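Colleague: Before I ask anything, here is the structure I am working with.
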Amino acid sequence: MPIAAAREPGRVAFTVLVSAPVVTPLEQASWVVDRRLSALPGAVRGGAAAALGLGGPVAPWLSTDVAPALAAGGQPSYALWGADDATVPVAVAAGRYRAAVGTRGRVEVVAGAGHRIGVGSGWAERVSDWVRQGYPGDLQVRGGQPARLVGLPALPRPGWPADPRVGLGLAALVALAVGARPGRRRLGRSVRSARSG
């Protein structure tokens, strides 16, 4: 939604983000894995999160950041998350959202709600009131506070030996070395026996 709103700012009056990650897909996956492995030692959790980071160079979309689109959109924006969301790092997402939209945004954290925030919590009425009042914004976080769930505040960066491009390069070098070796076999016969026969 933020990307579409930034592309067509004249057609979008305001945005409402419900349980939006506002972090990259890679950071979100890393956070979820780390949270689920919370009973394990920190080194194991960090290693699992770093292993996820290996996908970044192979699948660039995993590093898609919506914060620039939020900042460029210019529309008033209302974002809400459940305090007990186990899928989105709410504290990190809310911080990035506030940094991107500033005073044209409003943040609400719904106490007792998870990733799927039920309409029964009254959030739809609060959003309607916000629209009727002319989209007032500020930097205040309304509602509850995000649960203090275990999770990485940032994605660990794997070193260059773990970069998949290094592995692909080494595989290509090995293939070239094997292909250039004298006496290699072609179609079931060695090159030497074909020359001598």
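With the numbering used here applied, the sequence shown corresponds to residues 56 to 252, in that order. By construction, the Cβ of each residue, glycine as well, lies at the ideal position given by its N, Cα and C atoms. Since this is a predicted model, take the numbers as computed values, not measurements.
Is it buried or exposed for Arg187, if we count other Cβ within 10 angstroms and need 16 for buried?
Modeller: Exposed is the label assigned to Arg187, since fewer than 16 other Cβ atoms lie within 10 Å of its Cβ.
Colleague: I need the DSSP call for Thr158, collapsed to helix, strand or coil.
Modeller: Looking at Thr158 - three-state DSSP - the assignment turns out to be helix.
Colleague: Can you list, in chain order, the residues of its chain with a C-beta nearer than 6 Å to that of Tyr190? Leave out the 5 residues immediately preceding and following it.
Modeller: Phe69, Pro131
Colleague: Any contact between the stretch 163-179 and the stretch 124-140? By contact I mean 3 or more CB pairs, one from each, below 8 Å.
Modeller: yes
Colleague: Output yes if chain B places a C-beta closer than 9 Å to the C-beta of Ala232; else output no.
Modeller: The displayed structure is made up of one protein chain only, and chain B is not part of it.
Colleague: What residue does the beta strand (DSSP E) around Gly255 start on, and which one ends it?
Modeller: Given a span of 56 to 252 for the chain in the structure shown, any question on residue 255 remains unanswerable.
Colleague: With respect to the alpha helix (DSSP H) encompassing Leu81, which residues constitute its N-terminal and C-terminal limits?
Modeller: Secondary structure note for Leu81: its alpha helix (DSSP H) is the uninterrupted segment 80-91.
Colleague: Quick check on the DSSP output: the beta strand (DSSP E) that includes Leu72 runs from which residue to which?
Modeller: 70-73
Colleague: Under the rule that 16 or more other beta-carbon atoms within 10 Å means buried, what is Val174, buried or exposed?
Modeller: exposed
Colleague: Would you mind giving the Cβ-Cβ distance between Arg153 and Val162, rounded to the nearest angstrom? I have them listed as a contact below 8 Å.
Modeller: 6 Å
Colleague: Within its chain, find whatever has a CB closer than 6 Å to the CB of Tyr133; leave out the 5 residues flanking it on each side and keep chain order.
Modeller: Val71, Arg161, Val182, Trp185
Colleague: How is the alpha helix (DSSP H) around Leu125 delimited, first residue to last?
Modeller: 122-128
Colleague: Assign Glu180 to one of two classes, buried (16 or more other C-beta atoms within 10 Å of its C-beta) or exposed (fewer than that).
Modeller: exposed
Colleague: Does the distance from the C-beta atom of Ala126 to that of Ala105 stay below 9 Å?
Modeller: no
Colleague: Helix, strand or coil, according to DSSP, for Ala134 in the structure here?
Modeller: strand
Colleague: Determine the direct distance from the alpha carbon of Leu225 to that of Ala149, and round the result to whole angstroms.
Modeller: Rounded to whole angstroms, the separation of the alpha carbons of Leu225 and Ala149 is 42 Å.
Colleague: Nearest by alpha-carbon distance to Leu117: which of Gly234, Pro76, Leu223 is it?
Modeller: Pro76
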